[in-house]
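Peer 1: After the structure tokens below, expect a handful of questions from me.
Numbering (this note's numbering), first residue to last: 40 to 383.
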């Protein structure tokens, strides 16, 4: 999955962040708000609990959403059961469309909607979700791990770390994602170990999670991941290394910038832009001649942050690039340092 890179004469975002579909911030916020529920369920709650058994998958998902919105604590046992419902349906169901791409219809399941509903029933839902991590049902374990990542509760950390060793890659991937959202450094070494997972989805998600951790213990593992057999893992490792305040990654990132696949070169350029190290300047100047316009654009952005006079002539040439985004980014880079392009 790829973020939207802003190339209109402003700093670029990362080229790609391989995480699960976009989770709206308000979902995380809602998961951690104090909830109140009357001792007696309303008629609407009772009706929605009954709908969780509907033959219609969309109706089951909508009922789960409604129960979460009503803070129906009484529905927790039934929502836990629904976590295993893996019937594919189209989003949005709960008013959230979780896709990074325009005009692409995302898929979800009633089980995933139950997970979101259960986040709104925290903290009462935490222990049942932890128990669900040991279910015989793969979707149940995966959705429980997903839900726990959205809930800020110290009880979640150890069970999620243990879930990194689940027999199913789908579950390990969700656990890695959730641990990326958990501000606990106990997760660093277990996540670093998943950089060698047999499944590339898990390796990529572990790299993403480690990028969010302010801990240098994962740098060596992430550098090794730049040579992963899968380009998505390489790209995610480059992104994570860009967020690390450690110079050990500079030379490996310059190698990735020169020799990696397109998406890896793009991400390496972005990462090098965040490094206060002059060794990145010449490789970035060379990247202004890359065959891919997005790589050239990211390189121009990165050079704008460097403020190195060696880049001036190359950036001026880039203001005449065949690609409009590259031209605008090169102009931005020159303007950032008070320099002028030939066209101004």
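Virtual Cβ for every residue (Gly too), placed ideally from N, Cα, C. Just so it is clear, the structure is predicted and the values come from calculations on it, not from any experiment.
Under the rule that 16 or more other beta-carbon atoms within 10 Å means buried, what is residue 349, buried or exposed?
Peer 2: Along the chain shown, read from residue 1 onward, the residue named residue 349 stands at position 310. Classification of residue 349: exposed, given that the 10 Å Cβ count is below 16.
Peer 1: Quick one: residues in its chain with C-beta nearer than 6 Å to the C-beta of residue 333, no 5 flanking neighbours on either side, listed in chain order?
Peer 2: Reading the chain shown from its first residue, position 294 is the one you call residue 333. Cβ within range, chain order: 305.
Peer 1: Using DSSP with H/G/I as helix, E/B as strand and the rest coil, what is residue 358?
Peer 2: In the chain shown, residue 358 corresponds to position 319, counting from 1. If DSSP states are grouped into helix, strand and coil, residue 358 belongs with coil.
Peer 1: Closest to residue 195 by C-alpha separation, out of 163, 129, 207, 115, would be which residue?
Peer 2: Counting from 1 along the chain shown, the entry for residue 195 is found at position 156. Nearest C-alpha to residue 195: 163.
Peer 1: Please tell me whether residue 230 and residue 215 are closer than 8 Å, where the distance is taken between their beta carbons.
Peer 2: For the purposes of this step, residue 230 is identified with residue 191 of the chain shown, where counting begins at 1. For the purposes of this step, residue 215 is identified with residue 176 of the chain shown, where counting begins at 1. Result yes, Cβ atoms of residue 230 and residue 215 sit closer than 8 Å.
Peer 1: Throw me the rounded Cβ distance for the residue 153 and residue 124 pair, which I believe falls under 8 Å.
Peer 2: Position 114 of the chain shown, counting from 1, holds the residue named residue 153. Position 85 of the chain shown, counting from 1, holds the residue named residue 124. Correct: roughly 7 Å between the Cβ atoms.
Peer 1: Suppose you measure from the CA of residue 60 to the CA of residue 225; what does that come to, to the nearest Å?
Peer 2: To locate residue 60, count along the chain shown from 1; it is residue 21. To locate residue 225, count along the chain shown from 1; it is residue 186. Unreliable positioning characterises residue 60 in this predicted model, as indicated by a pLDDT of 45, which lies under 50. A coordinate reading is not provided.
Peer 1: May I have the straight-line CA-CA distance separating residue 120 from residue 179, to the nearest angstrom?
Peer 2: For the purposes of this step, residue 120 is taken as the residue at position 81 of the chain shown. For the purposes of this step, residue 179 is taken as the residue at position 140 of the chain shown. Using only the alpha carbons, I get a separation of about 8 Å.
Peer 1: Within the continuous alpha helix (DSSP H) that includes residue 214, where are the two ends?
Peer 2: One-based indexing of the chain shown puts residue 214 at position 175. Start and end: 208 to 220.
Peer 1: Between residue 289 and residue 319, which are expected to be in contact by the criterion C-beta below 8 Å, what is the C-beta distance as a whole number of angstroms?
Peer 2: Along the chain shown, read from residue 1 onward, the residue named residue 289 stands at position 250. Along the chain shown, read from residue 1 onward, the residue named residue 319 stands at position 280. At roughly 6 Å, the Cβ-Cβ gap stays under 8 Å, so residue 289 and residue 319 are in contact.
Peer 1: Can you say whether residue 77 is buried or exposed, counting buried as having 16 or more other CB atoms within 10 angstroms of its CB?
Peer 2: The sequence position of residue 77 within the chain shown is 38, counting from 1. Low confidence applies here, because residue 77 scores a pLDDT of 47, under 50, leaving its location unreliable; read the following figure in that light. Residue 77 comes out exposed.
Peer 1: At 4 residues or longer, what runs of the alpha helix (DSSP H) sit wholly inside the segment 289 to 360?
Peer 2: Here the runs fully enclosed are 289 to 298, 301 to 312, 320 to 326, 332 to 345, 351 to 357.
Peer 1: Return the CA-CA distance between residue 248 and residue 218, expressed in angstroms with no decimal places.
Peer 2: Taking the chain shown and counting its residues from 1, one reaches residue 248 at position 209. Taking the chain shown and counting its residues from 1, one reaches residue 218 at position 179. Distance between the alpha carbons of residue 248 and residue 218 is about 7 Å.
Peer 1: Can you look up residue 86 in the DSSP assignment and give me helix, strand or coil?
Peer 2: Counting from 1 along the chain shown, the entry for residue 86 is found at position 47. Looking at residue 86 - three-state DSSP - the assignment turns out to be helix.
Peer 1: What separation, rounded to the nearest whole angstrom, lies between the Cα atoms of residue 351 and residue 313?
Peer 2: Walking along the chain shown from the start, residue 351 turns up at place 312. Walking along the chain shown from the start, residue 313 turns up at place 274. Near 19 Å, if we compare the C-alpha coordinates of residue 313 and residue 351.
Peer 1: Excluding five sequence neighbours on each side, which residues of the same chain lie with their C-beta closer than 6 Å to the C-beta of residue 220?
Peer 2: Locating residue 220 in the chain shown gives position 181, where the first residue counts as 1. The answer, listed in chain order, is 188.
Peer 1: Excluding sequence positions up to five away, which residues of its chain have a Cβ less than 6 Å from the Cβ of residue 275?
Peer 2: For the purposes of this step, residue 275 is taken as residue 236 along the chain shown, with counting starting at 1. Taken in chain order, the residues that qualify are 57, 243, 246, 247.
Peer 1: Excluding sequence positions up to five away, which residues of its chain have a Cβ less than 6 Å from the Cβ of residue 301?
Peer 2: Here residue 301 corresponds to residue number 262 of the chain shown, with the count starting at 1. Hits under 6 Å: 331.
Peer 1: Can you tell me which residues form a DSSP beta bridge with residue 129?
Peer 2: Sequence index remark: in the chain shown, residue 129 carries index 90 (1-based). DSSP output for residue 129 lists 146 as bridge partner(s).
Peer 1: Are residue 327 and residue 297 closer than 8 Å when you measure CB to CB?
Peer 2: The residue labelled residue 327 in the question sits at position 288 within the chain shown. The residue labelled residue 297 in the question sits at position 258 within the chain shown. Going by C-beta atoms, residue 327 is not nearer than 8 Å to residue 297.
Peer 1: What are the start and end residues of the alpha helix (DSSP H) that includes residue 403?
Peer 2: Residue numbering for the chain in the displayed model covers 40 to 383; residue 403 lies beyond these limits and cannot be assessed.
Peer 1: Please state the DSSP three-state secondary structure of residue 193.
Peer 2: Translated into the one-based positions of the chain shown, residue 193 becomes position 154. Helix, per DSSP.
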